[in-house]
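Numbering (my numbering), first residue to last: 4 to 138.
We put the CB at the ideal spot given by N, CA and C, even for glycine.
First up is the structure itself, then whatever we jot down about it.
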Ligand code: ATP
C-alpha cells in the first residue's frame with residue numbers, strides 16, 4: 004500500500020506526525036482528498052478538521068485553525084496557527100470560547116471586532132465537533 008507522511012506543525016511545535024493512506028483537509032476553496040503521489044500543491048486552509056486515514060487503517064481527526072497545506076508526492080505538511088488532536092481538546096474551554104464569541108456577536112456593541120469574534124466562534128465550533136466526533 005502506498006502511503007504519505009503527514010506532519011501538522013504550529014508555532015508551538017509539531018502536533019501530529021503519521022504515515023497515511025489518505026488525508027482530507029478543508030481548503031478555503033473546498034474539501035480536498037489527498038492520496039499518495041498527489042501533484043505538488045500549496046493551498047490555504049479554512050478552520051476545519053484534518054482527517055487522516057493511517058497506514059494501519061485508523062481514522063484520526065485533528066482540528067486546525069486555518070494556515071496552509073503543502074502537498075508533495077510522499078509528504079503532506081500542514082502549517083497552522085493552532086492544531087489539536089481530539090484527545091488534547093479541552094471541551095469545557097471550547098464551550099466557554101463559544102459562549103464568549105456568541106455573547107460578543109449578539110451584543111453588537113461598538114468596539115466589538117466582529118471578524119475576530121466570528122473567527123473565535125468557528126475555532127470553538129470546530130474543536131467541539133472534533134472532540135465529539137461530530138463531523
Ligand atoms: P481560547 O479563547 O479558549 O484561548 P482561542 O480559539 O482563542 O480559544 P487559539 O488562539 O486558537 O485559542 O489557541 C491558543 C492556544 O490554545 C493554542 O495552542 C491552541 O491549540 C490552544 N487551545 C485553544 N483552545 C483549546 C481547547 N479547547 N483545547 C485545547 N487546546 C486549546
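In the structure shown, what three-state DSSP assignment does residue i receive?
i, result
"residue 99", "helix"
"residue 21", "strand"
"residue 10", "strand"
"residue 80", "strand"
"residue 62", "strand"
"residue 31", "coil"
"residue 135", "coil"
"residue 74", "strand"
"residue 108", "helix"
"residue 85", "coil"
"residue 115", "coil"
Alpha carbon to alpha carbon, what distance is there between residue j and residue i?
i, j, result
"residue 27", "residue 37", "6 Å"
"residue 64", "residue 54", "5 Å"
"residue 20", "residue 133", "18 Å"
"residue 73", "residue 91", "24 Å"
"residue 23", "residue 93", "26 Å"
"residue 25", "residue 39", "7 Å"
"residue 99", "residue 16", "25 Å"
"residue 41", "residue 59", "20 Å"
"residue 61", "residue 32", "27 Å"
"residue 135", "residue 76", "32 Å"
"residue 11", "residue 80", "6 Å"
"residue 104", "residue 119", "9 Å"
Under the assumption that residue i contacts residue j (Cβ atoms under 8 Å), give the Cβ distance between them as a whole number of angstroms.
i, j, result
"residue 68", "residue 84", "5 Å"
"residue 86", "residue 13", "5 Å"
"residue 129", "residue 50", "5 Å"
"residue 124", "residue 117", "Not a contact, Cβ separation roughly 10 Å."
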